[in-house]
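Asks: Going by our numbering, the first residue of the sequence shown is number 25, and it counts up by one from there.
If you scroll down you'll find the structure; I have some questions about it.
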Amino acid sequence: MGKALRGKPVADALTEEVKARVAALEAKGVSPKLAILRVGERADDLSYERGATKRAEKCGVAVQNVVLPIDCSQDDLMAAIARINEDDSIHGCLMFRPLPKTLDEDGACAALDPAKDVDCITEGSLFGVFANRPKGFPPCTAEAVMQLLKFYDVPLRGADVTVVGRSLVIGKPVSMMLQAANATVTMCHTKTRDLPAKCQQAEVLVAAAGHAKTVGADAVRAGQVVIDVGINWDEEAQKLVGDVDYDAVEPIVGGITPVPGGVGSVTTAVLMSHVVQAAERTVA
């Protein structure tokens with residue numbers, strides 16, 4: 025039976041650290057603030073917004089909500105981003121994606137001030153991740169994976185790690201971050217030949233394919249650590265499930281993150297850490 029690698033203790037520890045940093049900033053007259061830019065009323069955006077706002081309250085980070093209607097124009101969106109860029113009281117911006125198809129998402133991402141890009145939507149932040157340089161911020165979910173592995177003392181130096189997924193949001197950046205931690209990384213995806221065999225080779229398996237139950241019992245072995253990044257709605261079971269078939273895999277592996285209650289619960293704490301770091305850079 026695998027150890028449940030729950031996200032709550034990781035998020036709680038990170039929150040306490042962030043609270044101390046917020047207090048230090050406030051002693052210097054700086055109050056960290058996050059702008060949340062949302063277009064429309066998508067249920068998943070609203071859910072994450074509620075979680076982020078709750079985490080911000082715990083950390084002492086102010087939140088400014090910038091909400092545009094679903095039928096807003098590109099000019100409306102760009103004007104909102106410009107106002108966020110120009111507001112010195114705002115240290116970080118979270119813009120929910122995907123944007124409606126009527127909007128130019130690439131243009132909107134490029135317009136955000138890289139110094140306020142706390143979730144890696146600008147090319148400058150991506151460059152920082154891929155070049156392992158302290159520029160911008162990595163995606164919050166990718167860093168949440170790293171925080172979980174660190175908290176549970178999972179050794180990465182020299183370890184064989186397989187990442188299933190190749191998106192710019194998770195798969196590619198987390199692969200780069202794992203390599204920066206001196207892991208030996210194999211990147212796979214849903215079109216990989218004999219995916220189960222490649223997954224079995226790993227000491228640490230990160231599932232970020234974006235498809236429910238991509239990783240089953242035939243893809244794991246005893247002693248593995250499995251990090252499930254997926255969030256999928258199972259219509260039949262009427263519940264959230266990951267990219268890993270938890271019930272089949274959990275009895276076999278050494279440790280596994282549950283869904284929900286794993287990686288996702290750490291992301292908002294990472295987001296607050298990024299906002300505070302952005303604020304710290306203004307007084308460095």
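C-beta: ideal position from N, C-alpha, C; glycine also.
My output table needs one value for M200: the three-state DSSP class, helix, strand or coil.
Replies: helix
Asks: According to the Cβ coordinates, are V142 and L58 closer than 9 Å?
Replies: If you check the CB distance, V142 and L58 come in under 9 Å.
Asks: In the DSSP assignment, what are the bridge partners of Q264?
Replies: For clarity, residue 264 is Leu in the given sequence; the question names Gln instead. Its beta-bridge partners are W257.
Asks: Measure how close the beta-carbons of M102 and A135 come, nearest whole angstrom, since I'm counting them as under 8 Å.
Replies: 6 Å
Asks: What does a CB cutoff of less than 7 Å around D242 pick up in its chain, not counting 5 residues either side in sequence?
Replies: P220
Asks: So V34 and G84 are in contact, right, with Cβ under 8 Å, and what is the actual spacing, rounded?
Replies: Contact flag wrong, Cβ pair sits at about 19 Å.
Asks: May I have the straight-line CA-CA distance separating V178 from G279, to the nearest angstrom?
Replies: 10 Å
Asks: Pull the bridge partners of I60 from the DSSP assignment, please.
Replies: N89, L118
Asks: Starting from D252, trace the beta strand (DSSP E) in both directions and tell me its first and last residue.
Replies: 249-252
Asks: Does the Cβ-Cβ distance between A232 and G254 come in under 9 Å?
Replies: With contacts defined as CB atoms closer than 9 Å, A232 and G254 qualify as a contacting pair.
Asks: Give a single yes or no on whether V153 has its beta carbon closer than 8 Å to a heavy atom of the ligand SAM.
Replies: With respect to the ligand SAM, the structure shown offers nothing to examine, as it has no ligands at all.
Asks: For D252, count the other beta carbons within 10 Å of its own beta carbon; 16 or more makes it buried, fewer makes it exposed. Which is it?
Replies: buried
Asks: State the DSSP-derived secondary structure class of D137, mapped to helix, strand or coil.
Replies: coil
Asks: Which same chain residues, not among the five before or five after V169, have their C-beta less than 7 Å away from its C-beta?
Replies: Counting only residues of its own chain and dropping the five nearest sequence neighbours on each side, V169 has a CB closer than 7 Å to the CB of V198, V230, I251, V253, V287.
Asks: Return the chain-ordered list of same chain residues with a C-beta closer than 6 Å to the C-beta of A207, the five sequence neighbours on each side being excluded.
Replies: L180, A183, V185
Asks: Where does D184 sit, in a helix, a strand or coil, going by DSSP?
Replies: strand
Asks: Using the Cβ count rule (16 or more neighbours within 10 Å means buried), how would you classify M25?
Replies: exposed
Asks: Specify the secondary structure class of Q25 as computed by DSSP and reduced to three states.
Replies: The sequence shown places Met at residue 25, not Gln. Secondary structure of M25 (DSSP, three-state): coil.
Asks: For F154 versus K196, is the C-beta spacing smaller than 9 Å?
Replies: yes
Asks: Are E41 and S297 close, meaning C-beta to C-beta below 9 Å?
Replies: yes
Asks: Who are the near neighbours of L92 in its chain, counting only those whose CB is closer than 8 Å to its CB and skipping five residues on each side?
Replies: L61, R62, V63, G64, D100, L101, A104.
Asks: For V142, does the three-state DSSP call read helix, strand or coil?
Replies: coil
Asks: Straight-line CA distance for T165 to L150?
Replies: 14 Å
Asks: Do A236 and G285 have their CB atoms nearer than 9 Å?
Replies: By the CB criterion at 9 Å, A236 and G285 fall outside the cutoff.
Asks: Run the CB neighbour count on V307, radius 10 Å, all protein chains shown included, and call it buried at 16 or more, exposed below.
Replies: exposed
Asks: What span of residues does the alpha helix (DSSP H) with C164 cover, start to end?
Replies: 164-175
Asks: Where do the ends of the beta strand (DSSP E) carrying C96 lie?
Replies: First-last for C96: undefined, no H or E at that position.
Asks: When the Cα atoms are used, what is the spatial distance from T210 to R217?
Replies: 13 Å
Asks: Any idea what DSSP makes of L229, helix, strand or coil?
Replies: strand
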